[in-house]
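In my numbering, the protein residues as written are 31 to 276.
Have a look at the structure below before the remarks.
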Amino acid sequence: MKTIVEKIIQFRNPNFTIDTSLNSGALLHLIWDQFWSIIRGLKVIFFLKNPKGMLLGKRVSFFNTTKIKWGKFLRLGNDVYVSALAKQGIEFGDNVSIGAFSRIIVSTSFNNIGEKIKIGNNVGIGEFAYLGGSGGLEIGDECIVGQYLSCHPENHNHDDLHVPIRHQGVSRKGIKIGKNCWIGSKVTILDGVEIGNGCILAAGSVITKSFPDNSIIGGVPAKLLKTRINEYTSDYTGDLLRSKSI
């Protein structure tokens, strides 16, 4: 039975193997959960959409499905909400997994609709994520993300001291996260940030500025700790600063 289950899961994740210490009870529970996830995924047929092997947890809901696209084997955990109130919509690549209680929301205002959210192939995001897309959010292929990721591609204007901040409008630049990044738990990424390919973002970091490829980032606000190529040195940091503003 383990071999059969392993082969089925490998359609979604070719590198998957079942741990030899997994007991039969847990395996049966896995089969039961996956079966019902596939059945729940079929509900998108009522929206005239192809499930493409979608696996849905309990109480998953969508808003504006005509603006939502997905690739093969999208997995959404329990209580995930996806709202594509957007100019360009939401796009999930192949083999994307979003943890339970997450919110993928392009915008909440009908008078100033946001741009888009685009998530690449083979991206896994942990529970309780909040992904905003008002100014545009892009996450590259092969990224792995811990719980409580928070992305906010929008800022409130606040220059006029005589007008309530909520009436001063917003500015939007967008957020871009490169390919093959490892983002730790409880990371917050603010508007205008670009993260290069292969970066590592330490747990609890607040990212307020951009960083180039292969950076290891941490802190509040986040700073360059070192790189995956060289240790943090003043000379190398100078090269990074000259090549791209951080």
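All C-beta atoms in this analysis are idealised placements derived from N, C-alpha and C, irrespective of residue type, glycine included.
Contact belief for residue i with residue j at Cβ below 8 Å, rounded distance in angstroms
i: residue 206; j: residue 225; result: 7 Å
i: residue 177; j: residue 129; result: 7 Å
i: residue 187; j: residue 204; result: The Cβ separation is near 17 Å, so there is no contact.
i: residue 83; j: residue 103; result: 4 Å
i: residue 228; j: residue 258; result: 6 Å
Rounded straight-line distance, which links the Cα of residue j to that of residue i
i: residue 112; j: residue 55; result: 33 Å
i: residue 126; j: residue 232; result: 22 Å
i: residue 218; j: residue 74; result: 31 Å
i: residue 156; j: residue 132; result: 8 Å
i: residue 275; j: residue 121; result: Confidence is the limiting factor: at residue 275 the pLDDT is only 48, short of 50, which leaves the residue's position unreliable, though a coordinate-based value still follows. Taking the straight line joining both Cα atoms gives about 29 Å.
i: residue 162; j: residue 146; result: 9 Å
i: residue 191; j: residue 222; result: 24 Å
i: residue 166; j: residue 64; result: 32 Å
i: residue 68; j: residue 139; result: 33 Å
i: residue 254; j: residue 77; result: 45 Å
i: residue 37; j: residue 60; result: 14 Å
i: residue 81; j: residue 179; result: 26 Å
i: residue 160; j: residue 52; result: 32 Å
i: residue 95; j: residue 57; result: 34 Å
i: residue 85; j: residue 46; result: 17 Å
i: residue 40; j: residue 153; result: 16 Å
i: residue 135; j: residue 114; result: 6 Å
i: residue 148; j: residue 137; result: 14 Å
i: residue 238; j: residue 144; result: 20 Å
i: residue 142; j: residue 185; result: 13 Å
i: residue 256; j: residue 246; result: 5 Å
i: residue 35; j: residue 208; result: 33 Å
i: residue 62; j: residue 48; result: 16 Å
i: residue 252; j: residue 194; result: 30 Å
i: residue 79; j: residue 70; result: 13 Å
i: residue 101; j: residue 158; result: 22 Å
i: residue 168; j: residue 181; result: 10 Å
i: residue 42; j: residue 189; result: 49 Å
i: residue 220; j: residue 66; result: 37 Å
Whether residue i touches residue j by CB criterion (8 Å)
i: residue 119; j: residue 150; result: no
i: residue 250; j: residue 240; result: no
i: residue 183; j: residue 164; result: yes
i: residue 11; j: residue 116; result: There is simply no residue 11 to check, as the chain begins at 31 and stops at 276 in what is shown.
Buried or exposed (CB count within 10 angstroms, at least 16 for buried), residue i
i: residue 244; result: buried
i: residue 105; result: buried
i: residue 272; result: Its pLDDT being 49, under 50, residue 272 is placed unreliably in this model, and the value from its coordinates should be taken loosely. Per the 10 Å Cβ criterion, exposed.
i: residue 33; result: exposed
i: residue 50; result: exposed
i: residue 44; result: exposed
i: residue 242; result: buried
i: residue 72; result: exposed
Contact test: residue i Cβ vs the ligand ZN heavy atom, cutoff 7 Å
i: residue 143; result: Here there are no bound small molecules, and the ligand ZN is not part of this structure.
Report yes or no: do the region 168-182 and the region 206-215 share at least 3 C-beta pairs separated by less than 8 Å? The region 168-182 is in contact with the region 206-215.
Mind the definition here: the region 107-121 touches the region 80-93 only if three or more C-beta pairs lie below 8 Å; say whether that holds. Segments in contact, yes.
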